[in-house]
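Count along the sequence shown from 1, add 6, and you get the number used in our numbering.
Report on one structure; see the data block that follows.
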Amino acid sequence: MSERNISNLLEDEQWMRIALELAAQAVERLEVPVGAVAVKDGQVIGRGYNLKESSQDPTAHAEMIALRQAAQTVHNWRLIGVTLYCTLEPCPMCAGAMIQARLPRLVYGAKDTRFGAHGSIVNVLDELRFNHRVMVTPAVLEQEAAALLQQFFQDLRQS
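Written out as structure tokens, the structure reads:
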């Protein structure tokens with residue numbers, strides 16, 4: 007692995023750790039632990055964690071919340087130069103929003119074998135017929151992200 011690749015991986019892991027912290031905040035609210043952080047020019051411009059249950063809003067996914075905040079921060083729905091870090095592979099809704107936002111890059115942790123839109127169930131983000139493609143880096147801190155989800159659902163089944 008080249009020095010540049012190692013540097014990029016370390017930077018990706020740094021931002022993913024913030025997304026994992028946000029996911030842990032979701033657990034405190036009895037929400038599925040998914041966190042997302044939008045980064046531009048080395049600055050966080052949007053953050054979110056799942057709020058579907060507490061808001062009773064089916065669109066209140068971590069990614070959607072972070073994308074909305076990022077768009078408000080840059081005063082533009084086009085998220086040029088933004089990377090979104092998310093602890094879980096996006097669902098089709100979130101993947102569609104990323105395409106609509108012209109998001110250049112997504113970095114995610116764990117695969118989502120129930121709703122994943124980057125190859126687990128469907129492959130929205132690599133669909134060539136869309137006018138925009140999101141560059142995807144999967145499996146960053148995958149074990150940590152998966153463990154957080156597994157623990158949450160195990161605790162839920164035991165309660």
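All C-beta atoms in this analysis are idealised placements derived from N, C-alpha and C, irrespective of residue type, glycine included.
Coarse secondary structure for residue i, derived from DSSP in three states
{"i": "ILE51", "result": "strand"}
{"i": "ALA123", "result": "coil"}
{"i": "ALA44", "result": "strand"}
{"i": "ALA116", "result": "strand"}
{"i": "LEU147", "result": "coil"}
{"i": "ARG108", "result": "coil"}
{"i": "VAL80", "result": "helix"}
{"i": "SER165", "result": "coil"}
{"i": "LEU85", "result": "coil"}
{"i": "LEU134", "result": "coil"}
{"i": "CYS97", "result": "coil"}
{"i": "LEU57", "result": "coil"}
Selection from the options that minimises the alpha carbon distance to residue i
{"i": "GLU2", "options": "VAL40, THR79 and PRO98", "result": "Residue 2 falls outside the range modelled here, since the chain spans only 7 to 165, and no answer is possible."}
{"i": "GLY102", "options": "GLU19, ASN129, ALA42 and GLN160", "result": "ASN129"}
{"i": "GLU27", "options": "THR93, SER126 and GLN62", "result": "THR93"}
{"i": "ASN137", "options": "ALA145, VAL50, MET104 and GLY122", "result": "MET104"}
{"i": "GLY48", "options": "LEU36, GLN20, GLN156 and ARG35", "result": "GLN20"}
{"i": "MET22", "options": "ILE86, GLU150 and GLN160", "result": "GLU150"}
Continuous alpha helix (DSSP H) stretch holding residue i: start and end
{"i": "THR65", "result": "No alpha helix (DSSP H) contains THR65, which DSSP labels as neither H nor E."}
Proximity of residue i and residue j at Cβ, strictly below 8 Å
{"i": "GLU69", "j": "CYS100", "result": "yes"}
{"i": "PRO39", "j": "PHE158", "result": "yes"}
{"i": "ALA107", "j": "LEU57", "result": "no"}
{"i": "VAL140", "j": "LEU162", "result": "no"}
{"i": "ALA42", "j": "ALA25", "result": "yes"}
{"i": "VAL186", "j": "LYS46", "result": "Absent from the model: residue 186. The displayed extent of the chain is 7 to 165, so no value can be given."}
{"i": "THR79", "j": "GLY52", "result": "yes"}
{"i": "ALA116", "j": "GLU95", "result": "yes"}
{"i": "THR143", "j": "ASP18", "result": "yes"}
{"i": "LEU15", "j": "ALA44", "result": "no"}
Start-to-end residues for the beta strand (DSSP E) that takes in residue i
{"i": "LEU90", "result": "88-94"}
Residues bridged to residue i [DSSP beta-bridge criterion]
{"i": "VAL33", "result": "DSSP output for VAL33 lists no bridge partner at all."}
{"i": "ASN166", "result": "This structure leaves residue 166 out entirely; the chain is present only between 7 and 165."}
{"i": "VAL142", "result": "LEU112"}
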